[in-house]
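What follows is a set of notes on a single structure, which appears directly below.
Number of protein chains: 2
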Amino acid sequence: MIQYPNGTRKNASRPQQANTSRRGMTLESDINQTNESYLIYNKAVIHKKPTPIQVVHVDYPARNKAKIVEAYYRHASTTDYNGIYKGKYIDFEAKETKNRTIFPLALLHQHQIDHLRSVLQHGAIAFLIIRFTSLNETYLVYAQDIFEYISTHKSKSLPLPWIREIGTMVEETYHAPCDYLPIIDQRLKENL
Amino acid sequence: MIQYPNGTRKNASRPQQANTSRRGMTLESDINQTNESYLIYNKAVIHKKPTPIQVVHVDYPARNKAKIVEAYYRHASTTDYNGIYKGKYIDFEAKETKNRTIFPLALLHQHQIDHLRSVLQHGAIAFLIIRFTSLNETYLVYAQDIFEYISTHKSKSLPLPWIREIGTMVEETYHAPCDYLPIIDQRLKENL
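Shown next as structure tokens:
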């Protein structure tokens, strides 16, 4: 049987009502709402980066009104989220999967892997937030743990038992539907 | 006569050729090129955030090809640049002015001021890069110096002599047309 040494499953018994009421909310909107809450309560300044778009043509139907009429999505060169918490540079990517047993590494793009490696080298707190939508379980897994796994395993996915053991379950709290900062706090405390 | 105690004008005598050859390059493209160079040489990971755009309608003229046909510019809620250098969270905004004597504070938007104040509180290295295009002079001015000036003066602009004294001129180096990291190094050294 799998053990959960960090008590990471303690919210597995959260009231069913809380789960169903938020059904359909995406991880992205949960994280955005969480970051907004962190900003309002002055805990951290962490933002989602806008999607990069190449604008080709803009119309001006009225003065001071710009309407983009031709544009294309560009490839990002970083992760989606970064910012500052307790003086530390924070950088992460968020991914959802319907899979119930593994996280397919194909969901992580090469530029995201490269960027996470790069910021890690410079001293960032870098991680992935992975939500298993079918299980309604969300985990924070540090980038260095993922890179260590990748370098020692030939698998093209992260098994859920490994994520449960190495990662930490992200709790849903009143103001923060994806309250990941307490997990960072734990790490900062351990590193003191 | 104005003194330059930090020797910040030492590149005022840079070869004329270097100036004219790069005429027409914007501050933004200079900074992007600089950040790319920092990334290539593994000095720092600092990126410009994409412009936030609200996509309303997307056409699919071919499979796997998305063409945005209706979209609008949104207001940003942060500065344009952030990243990590030597373990520190870096955050800045870049502004150009044709003015030869002052930097008009109106060029700095309220959300940029709010964001800079906010990240400063959390321990960021936050600053403005200001280019006086008519003079071909570029300065790095730390956000806390600007906030101190704003709180003690009623002026709606930063005078160039004050910027020359409090800020530091940003040099153009071979790989980095707006080589601002050495100025940060100086600050990190002083804080040790």
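Line order of the protein sequences matches chains A and B. Position 21 of the first sequence, counted from 1, bears residue number 21 in full-length UniProt numbering, the numbering being contiguous throughout. Position 151 of the second sequence, counted from 1, bears residue number 151 in full-length UniProt numbering, the numbering being contiguous throughout. Just so it is clear, CB atoms sit at the ideal spot from N, CA and C, and this is done for glycine as well. If you're wondering where the values come from, they're calculated on a predicted model, not measured in any experiment.
Spatial neighbours of residue i within its chain, please: CB distance less than 7 Å, with the 5 preceding and 5 following residues excluded, ordered by chain position.
i         : result
GLU70(A)  : VAL56, HIS57
LEU135(B) : ARG100
GLN33(B)  : PRO177
VAL141(B) : PHE127, LEU128, ILE130, ILE163, ILE166, GLY167
GLU190(B) : none
ALA66(A)  : VAL58, TYR60
What residues in its chain sit with their C-beta under 8 Å from that of residue i, if we drop five residues either side in the sequence?
i         : result
ALA44(B)  : ASN35, TYR38, GLY83, ILE84, TYR85, LYS86, ILE90, LEU181
ILE183(A) : LEU140, THR168, VAL170
Can residue i and residue j be called in contact, C-beta distance under 8 Å?
i         : j         : result
ILE53(B)  : TYR73(B)  : yes
PHE147(B) : ARG117(B) : yes
LYS98(A)  : THR133(A) : yes
ALA143(A) : ALA126(A) : yes
ILE40(A)  : ILE68(B)  : no
THR79(A)  : HIS115(A) : yes
Report the neighbours of residue i on chain A: residues whose CB is nearer than 9 Å to its CB, in chain order.
i        : result
ALA71(B) : ILE53, VAL55, LYS67, ILE68, VAL69, ALA71
Please list, in chain order, all residues of the same chain as residue i whose beta carbon is under 6 Å from its beta carbon, the five residues on each side excluded.
i              : result
ILE31(A)       : ALA94, CYS178
HIS111(B)      : SER77
LEU27(A)       : ALA94, GLU96, ARG131
residue 235(B) : Nothing in the structure corresponds to residue 235(B), since chain B is present only between 1 and 192.
SER29(A)       : none
In angstroms, rounded to a whole number, what distance separates the CA positions of residue i and residue j?
i         : j         : result
ASP185(B) : LYS48(A)  : 28 Å
THR168(A) : TYR139(A) : 5 Å
PHE103(B) : TYR60(B)  : 45 Å
PRO159(A) : MET25(A)  : 24 Å
ASP145(B) : GLY123(B) : 15 Å
HIS109(A) : PRO161(B) : 48 Å
LYS156(B) : LEU128(B) : 16 Å
ILE46(B)  : GLU172(B) : 18 Å
TYR149(B) : ASN64(A)  : 32 Å
ARG187(B) : LYS154(B) : 28 Å
LYS88(B)  : GLN121(A) : 12 Å
ILE113(A) : ASN42(B)  : 16 Å
GLU137(A) : TYR174(A) : 17 Å
HIS75(A)  : ALA62(B)  : 18 Å
The ligand SAM and residue i: does any heavy atom of the ligand fall closer than 7 Å to the residue's C-beta?
i         : result
ALA126(B) : The model on display carries no ligand, and the ligand SAM is accordingly not part of it.
Taking Cβ positions only, does residue i come closer than 8 Å to chain E?
i         : result
PRO104(A) : This model lacks chain E altogether; the protein chains it does include are A and B.
* **Residues, ordered as in the chain, of the region 118-133 of chain A that lie near chain B by beta-carbon distance below 9 Å** => SER118, VAL119, GLN121, HIS122, GLY123, ALA124
* Asked: Given a limit of 8 Å on CB to CB distance, which residues of the region 35-52 of chain A reach chain B?
  -> LEU39, ASN42, ALA44, VAL45, HIS47, LYS49, PRO50, THR51, PRO52
* To do: Please name the residues in the region 85-106 of chain B whose beta-carbon is closer than 9 Å to at least one beta-carbon of chain A, in chain order.
  => TYR85, LYS86, GLY87, LYS88, TYR89, ILE90, ASP91
* Asked: If you measure beta-carbon to beta-carbon, which residues of the region 72-83 of chain B are closer than 9 Å to chain A?
  -> TYR72, TYR73, ARG74, ALA76, SER77, THR78, ASN82, GLY83
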